[in-house]
Amino acid sequence: MMKLLKKHLIKFLFLVTFLGCVEPIAIETISYDNFLVVEATITNELKKHTIKLSRTFEIDKTDFNAETGAQIIVSDNQNNTYSFSETLPGTYVSDLNFKAIPNLEYTLKIATNNGKVYTSKQKLTVNSTIEELTTKVETSTEGDQGVSIIVHSFNPNNNSNYYRYTFEETYKISPPFWSDSELRVVSDTRPYEVEVVQRTVDNENCYKTLFSNQILITETKSLSEDRVNFPIRFILNSDFIISKRYSILVKQHVLTAASYNYYETLKKLSGSDNVFAQVQPGFINGNITSDTDVNEKVIGFFDVVSVAEKRLFFNYEDVFPNQTSYFPSTCDFVAPILSDPFSGESPLIDLIKDNTHTYYKENDTGQSHLEGRYLLVPKICGDCTVLGSNIKPSFWID
Amino acid sequence: MKKCILLVLCVFTLQIQSQNKEDLISISFTENTLKEVFTLLENKTSFQFFYIDSWLEDDKLTKEFKNKNIEFILKDILRKTSLNFTIIDAKKIILTKGNLIHKTLYEEKNELIVEEDLERPIYIENVVDENNETIIIGKQTVGNKKKSYTIKGIVKNKQTKNPVEGVVVLERNKKISSTTDSKGVFSLELPYGKNTIETLLLGFTPSSKNLIVFGDGSINITINEESEMLDELVIKTKKESNVKEVISGITQINIEEIKNIPQVLGERDILKVATTLPGIKSAGEGAEGVNVRGGKVDQNLFLLDESVMYNPAHFLGLFSAINPFTTSDLKVYKGNIPAEFGGRISSVFDIETKDADTEKFKGEASIGVVTSNVSLEIPIVKKKSGLLVGFRSTYSNWVLKSLNDKSLNNSSASFFDVIAKYNHQFNEKNRLKITAYHSNDDFRIASDTTNTYGNTLASINWSHKFNDKNHGNLILSSSNYAFNINYNSIGNNNFDLKYTINEIGAKLKMHYSHSKKHSFDYGISSKLYNVSPGRLSPSDNNSIITPITIEDERGLESAVFISDNFTVNKKLSFNLGLRYSVYLGLGESTQRYYADNSPTTDANLINSEQFKNNEVYQTYQGLEYRFSGRYFLNPELSLKASLNRSFQFIHRLSNNTTASPTDAWKLSDVNIKPQEGIQVSLGIFKNINVNEYELSIESYYKDYKNVLDYKVGAEFLLNERIETQVLQGPGKSYGIEFLAKKNVGRLNGWIGYSYSRSFIKLDSPFDEERVNNGEFFPTNFDKPHDFNLIANYKLTKRFSLSSNFTYQTGRPITYPTGKYIYQGNEYVLYSDRNQYRIPDYFRLDIGLNIEGNHKIKKFAHSFWNISVYNILGRNNPFAVFFATENGTVKAYQSSIFSTPIPTITYNFKF
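If you're matching them up, the sequences are chains A and B in order.
The first sequence begins at 966 in this note's numbering and counts up one residue at a time.
The second sequence begins at 85 in this note's numbering and counts up one residue at a time.
Following this line, the structure appears as C-alpha cells:
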C-alpha cells in the first residue's frame, strides 16, 4: 500500500515538472565524506562471529571499500575478550567460538589502522522463539498468484517486541530431462564413434541456497500482545525456486528499540521505489562512536541479539496442487547426426565438445528434423549443476 | 463628452471668418435675464446662440451698448459668469461653461511655449470613477492668465459636519500640498488646468477630486470616517502609509497596481507579486506557499474576506487560487500582526474581495492561452445591494495533451475557482457582506491516479454602527480544505484516500473611537477545528485494500483581543495590542503518552488514553502581545519599531522539499506543542517628493519555539502517530530588507532586496532525535539573498513595457555525499541536513501592455498583455532528487520553466 502511494508520488513529482523537464544530472561528488561502516551483530549462537568493516565510497563509484588492518575486540564485563582476525579484506572473524550471554554488557572496540578507536556497548536482547512458519496462497498487488511464507511467534512475557528477520532459502533443482546416462566420445576422427555410458557425475538433484538481503523488520509494541504474524517472503507460483522442493530457514533477531529504529529508518531511505523527496533524508545515527572525535560519524549499529530459528520445507504440489511448475528455460530436443556426409564433420561430436547440451535418450520421436540417433537437451534441462550444487545440504530432508 | 465633440467640430470650421463679426450693434437691456438677453440679441441680429438653459444664472442685467461689435458685448455680459463663447460659421455663437473653445488645436503654434501651456485646451476625460467628480473652478479666458490660482476650501467630516483639522490636501503629481487648520481651512496654489486633489488623514477614507482650475476659487470637501471605506480609494492612501502606518511590516498590494507586471501564463497573480517584495519569498517555482521573514510555509494565515484559506494555490503553486478580478486588495502583515488576528506566527495575508457596484452592471474578463477569467458586478437593489461573481478556469488539459511527451497524454490537470460576494447596505448603520468561495484542482497522472483538492469558504460579515464613536463587525466564517487521491488501475488495489480539515469560526470585532488620542479595537473570536487526517478505502468491489481510518481530531481555538491606537502627538503614535489565546484539544480522541526522558518512539509508549466526545484532553494558553510604534522625524521620514509574540496551534506536515497539496494539517495535542514566535523589528521609512519615491529599510529578529521539523525517514501519509515522526525545536531568523519604490511617472516600479537567514535547532539527548549534532542549521527555505526589480515604463498612452527580475540564493538541500554497503545492500550516505544548496535562482520576465483605443464611445475598456516569462530561458532547478534504480543511485534535477514562456492575454472591462 505504502509502496503504491510512493509510486504515485513519483509520478506526481514528474507531473510537477511537465512544463519544464526532469533531467538526469551527473551526481557530482560535491563533497565526499569518508566514514567507517561497521556491520557487527553478535548473537547468542555459539559460533565464530563475523564483523565487517568498510568505508563509504564516492557516489559515482561502485567499489566496495574494505577497511583492512583494523583490530577488533569484543569483551564482556566479566573480563572475557574475544579477538577477531581479518580473513578477507574487511571481514573479521572471531578466533574462538562464543555466544552472547544474557545480562552481560558487551563492548565492541575497533582500532583502525589510522589510529582511531571506536566503541559501542550493548546487552543481549531477550530470548524469543518462532512458533511456526506457515504458507498461504495469496495474490500479489499486480494480480499474480504466489505463496506467502509467514512467521508466527509469540512471547507471553511481552518484552521482545522488535524483530528483525533474515532467512536462507534452499531449493532443490531437478532438471526435467535428466538421464542417468551420458554420451562419451569414443573417436572424434573418422569413423566417428560415441557410446552411451553411465554418468560419472551425480547431477540429477542439486540444491541452491540464497540469503536474504532486505531489511525485514516488524514490531509488536503497538499490538495488544507480543504476537508476530509476519509475511517474510512472497514467491510467485511461476518462480522456479519453488518448482520442486523448497526450504527456508528463518532467523528471528530480537532487537532493541533503538536498533529497530535504525533499521526502520535505513529501510525507509532506501525502498526499492524510493522517492527521496517524500522521506526526510539525512544521516542516520547509529550506536557506535569514535573515542577520538565525538562528532565523527560512524555508520552502523552494533547489535547483540538473541536469535531463534525455524526451518520449513514444502513441495510445489503441497502449495499449488494440480498446477504445473515452471522451468526457467525452454528445453528443445536436438539430435545431430554423427557424421555429415557432405562436410565430413560430426555435428554430434562438435555439440558434445561444446558442452552446451547433454544426453537425454535414444531418439524415438520419429520427427524428420531430429535426424540423429540420440536426443540431447540444453544442459540446463538435464544437468542440475548448471543451476546449483549437487552436494545435498546436511539439513535437507526430502 | 459633448464638449469634446464640440472641440472636434471646431477643427473643421474655424477657418471661416465671420463677416458679421465686426458689425456694430447697439442694444440695451433692462432687468433682463441672460436668456432674455440672448433672445433679444438673436432678434436684433442674425446671430444664433447655442447653450444649455441650466448654465444661465437668473441674475438680472441692465446694460446699454452703442456701436459695439458682438465680441465686446458678449465679453462684457459674460464677464461675471463662468461662461465662454465662440463664434463659428459667422453666425453661430456657442456658449460653453468654463471651457474656452479653441479654434484650432494648432492655433498658437508660434507663440511662446509658456503661453501655449496656458492656452492648452483642457481635455476632460471621461471619468469612470463616480466618486471622483470633476469640479470646475473659475472660467477659462483667453490671455492674461496667471500660472497658478489660489484655491481655498474647508474640509468637513461628512458624519458630524464639523471641520476637520490636520487633513493633508495634496495634488500628488504636482507635489503641492497643504494641511487644514483648526477650522478645517486649507489653501492651495494650483496651476491652471486640470488638477487632482486628494485628502489624506488617518482614520478617514481618503478622497480625491478632479479640479479644472481656470481661476481663483473655493471648494468644500467632505470626508468620511474610515469605517465606511470606499474601495477604490483605499489604495491611494497607502502610498503615504509607508511612513505613516503605525503597524510596521505591513505591505499592501492593490490589484490595479499590478496590472503591468509580467505574468506567468497570462495570469495576474497577486500572491506572486507579493513575493517580489522583500521579506516574502516564494518557496520555489512550482512550489506552494510563501516564506515570510524566515518563517515556515504553514505559518502564514491567508484570509479571504475573513475565512481561512488553507491552500491559496492552484496547480502546485503555479497559479494562486485568488481571482485577481474580484480582489480589491491584499494586505500582508509580516511585522506586527494586529491583535485581531492570531493563530499563525509569521504573517497574515488579508485578502479583500471587491464590493459589487450597486448602481451599474459591470464586468471584466480575460482570455488567455491557459486560463480564462470572468467577473460580473450585478446591482440587486439600486444603491443598496449588489452581487459580485467571479469564475476562473483553465484549459491546461489541452496544453498537456498537445505536449509531445507520451507519458503525459493520459494525464490531465485542471482547476477552477468560483467566488460570489453579496453586499447589502440596509441603512447608514447596517451593512452585510456574504462571501462564498470554492476552488478545485484535479490532476490525473498517467491515467491511474487522480488527485483532487480544493478549498471551500464562506463568510458573513455584518457591520453595525452604534454611534459616531462605536462600530462593530460580527463575522461568521467557515473553511474546508480537502484532498483526495484516487488510484484506479487494472489490479485489485484501487483505493481512495481522503483528507479533510474543516473549521468554523465566529468573531466579534468592535471599534471605539475614544478620543483624538485613543481609538480601541477589541473583540473575541473562536473557531472549532475538525480534522479527518486520513481515510483509505477500497474504491471498487475487486479491491483488496484494507480500509484504514485515522482517528479524527478536534480542537477549539479562542481568543480575546484589544488594541489601542494611541496617538501621543502628531509625531508619535503607538498601536498596542494584547491577545489572550486558549487552545483546547477536544475528544473524541486517543492520546498517547510516552515515557519521559526517552525518545518519542513507539518503543516508549507508556499508555494510551481515550477521551470522550468534547472532553478536553489538553489546554494550551498564553498571552500574545503586539506592540508597534511610529515616530515622525520629519513629515516624510519616520521610524517604526515593533515587538510581538504569537502562537500557532496547527501544523502543516510537509515533506522535505516543498509544500504540496497532499500535505496534511495537524492539530496540537499532548505530544505536539503549539509553535510560538517572537519578533522584534525596526524600520526607517522615507518618502520623497510627496510620496513620489518611497524608501524603507527594515530589520527584524525572530525567535521561535517548537518549530516542527522531521526525523530522518519521517513519513506522514496514513500515519496515526505523527508525534513519532516529528521533532520540535527552537528556531531563529533575522534579516534586513530594503525597498525603494517609485510610484508615479512614466517609469515606475520598485527594487527590493533582503538579506535574511533562517535557522532551526533540533537537539536531544537521543541520537535519533538529534539533527546536525544538535546545533542550529539552515532551514529548507533559508535563502540569504533575494533581489527583485519590477519596472514599468509607459511608452505612450497606450503602450507600456514592464519587466520583472528575480534573483535568489539556492535553497538548502540534504545532499548525498557517498554510498556504502551494509548487509549486502547499497545505501546512500547523506550529508548533514541542509548542508548544501541547489544552484541560485534567477529569472527575467518582460511584458507589453497594449491598452485598447481611447475612443470615447466603445463597448468596453480593453487591453492586451503579451509577456514572456523567463526570457533568458534559465533552467532554474526546482528540486534535485535521488532515486535508486536497479541498485544504483541516480540524481535528477527538475525545473518548471526551462525555456521562455510567451503568453498573450486579452482583457476587457465594461
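Backbone N, C-alpha and C fix where the C-beta goes; we use that ideal spot for every residue, glycine too.
Quick caveat, the model's predicted, so the values are computed rather than measured.
Taking C-beta atoms under 8 Å as the contact rule, residue 291 of chain B and residue 305 of chain B qualify, at a distance of about 7 Å. Under the Cβ distance rule, residue 1035 of chain A does not count among the residues neighbouring chain B, no pair being separated by less than 7 Å. Among the residues of chain B, none has a CB under 8 Å from the CB of residue 1087 of chain A; the nearest is roughly 14 Å distant. For the pair residue 634 of chain B and residue 1361 of chain A, the Cα-to-Cα distance works out to about 47 Å. For residue 917 of chain B, the chain A residues whose Cβ falls inside 9 Å of its Cβ are 1245, 1246, 1247, 1248, in order along the chain. For residue 428 of chain B, the closest alpha carbon among the candidates B/404, B/592, B/394, B/672 is that of B/394. Neighbours of residue 998 of chain A in chain B, taken as residues whose beta carbon is under 8 Å from its own, are 901, 902, 913, 915 in chain order. In summary, residue 708 of chain B is buried, with 16 or more beta-carbon neighbours lying within 10 Å of its beta-carbon over all protein chains present. Annotated three-state conformation of residue 666 of chain B is strand, per DSSP. Taking every protein chain shown into account, the CB of residue 864 of chain B has 16 or more other CB atoms within 10 angstroms, so this residue is buried. Within the model, the alpha-carbon separation for residue 676 of chain B versus residue 391 of chain B is close to 32 Å. Comparing alpha-carbon positions, the option among B/109, B/807, B/423 lying closest to residue 158 of chain B turns out to be B/109. Fully contained in the segment 226 to 281 of chain B are the following beta strand (DSSP E) runs of length 3 or more, in chain order: 232 to 241, 252 to 255, 260 to 263, 269 to 275. One thing to note: residue 857 of chain B has its Cβ within 7 Å of the Cβ of residue 1260 of chain A.
Looking at the backbone, the Cα of residue 565 of chain B and that of residue 1176 of chain A are separated by about 48 Å.
The beta carbon of residue 789 of chain B lies closer than 6 Å to those of 760, 814 in the same chain, with the five residues before and after it left out. Those residues of the segment 849 to 862 of chain B placed with their C-beta closer than 8 Å to a C-beta in chain A are 851, 852, 854, 855, 857, ordered along the chain. Taking C-beta separations shorter than 7 Å and ignoring five residues to either side along the sequence, the partners of residue 1294 of chain A in its chain run 1343, 1345, 1346, following chain order.
In the three-state scheme derived from DSSP, where H, G and I count as helix and E and B as strand, residue 1019 of chain A is classed as strand.
Residues of chain B with a Cβ closer than 8 Å to the Cβ of residue 1022 of chain A are, in chain order, 902, 903, 904.
Any Cβ of chain B closer than 7 Å to the Cβ of residue 1272 of chain A would place that residue at the interface, and such an atom is absent. Shown here for residue 461 of chain B: same chain residues with a beta carbon closer than 8 Å to its own, the five before and five after excluded, namely 438, 440, 441, 444, 445, 446, 447, 470, 471, 472 in chain order. In this structure residue 737 of chain B touches residue 750 of chain B by the C-beta definition: roughly 6 Å separates them, less than 8 Å. Neighbours of residue 264 of chain B across chain A, judged by C-beta separation under 9 Å, do not exist; the nearest C-beta is about 56 Å away. DSSP places residue 1256 of chain A in no beta strand (DSSP E); its state is neither H nor E. Flagged as an interface residue toward chain A: residue 796 of chain B, by a C-beta distance shorter than 7 Å. For the segment 776 to 802 of chain B, the set of positions with a beta-carbon nearer than 7 Å to some beta-carbon of chain A reads 794, 795, 796, 797, 798, 799, 801 in chain order. In this structure, the CA atom of residue 1041 of chain A is about 22 Å from the CA atom of residue 1257 of chain A.
Under the Cβ distance rule, residue 808 of chain B does not count among the residues neighbouring chain A, no pair being separated by less than 7 Å.
With contacts defined as CB atoms closer than 7 Å, residue 1200 of chain A and residue 1263 of chain A fail to qualify as a contacting pair. Taking C-beta atoms under 8 Å as the contact rule, residue 898 of chain B and residue 872 of chain B fail to qualify, at a distance of about 28 Å. Taking a C-beta distance under 7 Å as the contact criterion, residue 1075 of chain A and residue 1115 of chain A do not qualify as a contact pair. Per the coordinates, the alpha-carbon of residue 301 of chain B lies some 8 Å from the alpha-carbon of residue 233 of chain B. Distance from the CA of residue 1150 of chain A to the CA of residue 1291 of chain A, rounded to the nearest whole angstrom, comes to 33 Å.
In the DSSP assignment, residue 285 of chain B is bridged to no other residue. Under the three-state reduction of DSSP, residue 1203 of chain A is assigned to coil, being neither helix nor strand.
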